[in-house]
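Colleague: Using our numbering, the letters of the sequence shown correspond one by one to residues 4 to 97.
No residue lacks a Cβ here, since even glycine has one placed at the ideal position from N, Cα and C.
Predicted model only: the values in this text are computed from it and were never measured.
What follows is a single structure, and I will ask about it in a moment.
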Amino acid sequence: MLPPNSYIRRWSKGSEPKMVEACVLIRTEKGKFVDVIEKIKGLERVVDVYPVLGRYDVIVHVSAPDGKELGKTVLKIGNMSGAVFTETLVEVER
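Next comes the structure, spelled out in structure tokens:
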């Protein structure tokens, strides 16, 4: 946080904090697809939600400042009513 009456003189890409990024793959209960998506959209740390076809029903892009915060969001998704199974893929390097 900036002290009062101060300002940023220069900002560069390298000064951005490194975030922990992950994709959460979700299988939903039959008939709960739309409900799950709407609940997920309201969660903090959710960057984007992708409804998909195939083995999974939804892919969620999550971004957090550290692994602990990422874990909290992933647990909220996994414990959500209508989510049957989740698998989390954490980015290791960019």
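For the alpha helix (DSSP H) that contains residue 37, what are its first and last residues?
Modeller: From DSSP, the alpha helix (DSSP H) with residue 37 extends over 36–44.
Colleague: What are the boundary residues of the alpha helix (DSSP H) that residue 72 is part of?
Modeller: Segment 70–81, the alpha helix (DSSP H) holding residue 72.
Colleague: Beta-carbon separation of residue 26 and residue 73 under 7 Å?
Modeller: Contact: no.
Colleague: Could you pull the DSSP bridge partners for residue 30 from this structure?
Modeller: Answer by DSSP bridge pairing, in chain order: 88.
Colleague: Given that a residue counts as buried once 16 or more other Cβ atoms are within 10 Å of its Cβ, and exposed if not, what is residue 45?
Modeller: Exposed, since its Cβ has fewer than 16 Cβ neighbours within 10 Å.
Colleague: Would you mind giving the Cβ-Cβ distance between residue 85 and residue 38, rounded to the nearest angstrom? I have them listed as a contact below 8 Å.
Modeller: Going by Cβ atoms, the distance from residue 85 to residue 38 rounds to 5 Å, so yes, they are a contact pair.
Colleague: Could you give the distance in angstroms between the alpha-carbon of residue 57 and the alpha-carbon of residue 87?
Modeller: Distance between the alpha carbons of residue 57 and residue 87: 15 Å.
Colleague: Along the chain, where does the beta strand (DSSP E) containing residue 59 start, and where does it finish?
Modeller: Premise fails: residue 59 is in no beta strand (DSSP E) and is neither H nor E.
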